[in-house]
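So the sequence shown is numbered by the numbering used here: it starts at 447 and just counts up by one. Ideal placement from N, C-alpha and C gives every residue a C-beta, glycine not left out.
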Amino acid sequence: MLNLIERLFAMWNSQDAALAFEIYSEEYCGIDLTNQTRINGPAGVTRQLERFYQALPDLEFKYEQVIFENDRVAVYWSARGTHRGTLLNIPPTGRVVQINGVSWLRERNGKFAHGVHMWDMAALLRAVGLLPELETRAPSESISLQAAFTPND
Numbered sequence: 447m448l449n450l451i452e453r454l455f456a457m458w459n460s461q462d463a464a465l466a467f468e469i470y471s472e473e474y475c476g477i478d479l480t481n482q483t484r485i486n487g488p489a490g491v492t493r494q495l496e497r498f499y500q501a502l503p504d505l506e507f508k509y510e511q512v513i514f515e516n517d518r519v520a521v522y523w524s525a526r527g528t529h530r531g532t533l534l535n536i537p538p539t540g541r542v543v544q545i546n547g548v549s550w551l552r553e554r555n556g557k558f559a560h561g562v563h564m565w566d567m568a569a570l571l572r573a574v575g576l577l578p579e580l581e582t583r584a585p586s587e588s589i590s591l592q593a594a595f596t597p598n599d
């Protein structure tokens, strides 16, 4: 399944929407809980990919943590890009956006069949100037999923 995850991130980072037909089943049913979008089949994935790249043409994803269990995988990921087009009815700002998210995916017959995705909408809104900055805290680079699961003995 790691190969499937690597192909997923290659698809997003290469902007090659045709790869969606190789890694998502025709029956794929997904939901983006953050913006309440349903994603059906590779064609739905392709539309989603195109919307994000129209708004953030230099968008780049990387997976931070991956947890596998049988036919399921949870991926904690980060993404960074420059807001150059309309996204979620927000006109372009030219600002750099850095967000984190989690995707839960289920594989069947070598392709993704189901998915649930959640990402940090508040970080996006702060990055484009629509939400105030949070009070100063530890830099986000020092906060990691790995640290959250490592005991402080």
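Start and end residues, beta strand (DSSP E) containing V491: Segment 487-501 is the alpha helix (DSSP H) holding V491; no beta strand (DSSP E) there.
Inter-residue Cα distance where the pair is A501 and G540: 10 Å
Beta-carbon gap between I469 and L454 smaller than 8 Å: yes
Residue from A525, F558, G556, N555 with nearest C-alpha to V542: A525
Proximal residues to R572 (C-beta, below 7 Å), its chain only, five neighbours per side dropped: E579
At least 3 beta-carbon pairs within less than 8 Å: the stretch 515-523 vs the stretch 485-497: no
Contact set for A489: own chain, Cβ-Cβ below 6 Å, skip 5 residues either direction: none
C-beta atoms of I545 and V574 nearer than 8 Å: no
Local Cβ density within 10 Å of G556, reported as buried at 16 or more and exposed below that: exposed
Residue from L533, T582, G487 with nearest C-alpha to A397: Only positions 447 to 599 of the chain appear in this structure, which leaves residue 397 out of reach.
Limits of the unbroken alpha helix (DSSP H) element including R572: 567-573
Assigned exposure category for S549 - 16 Cβ within 10 Å defines buried: buried
Straight-line Cα distance separating W565 from L576: 17 Å
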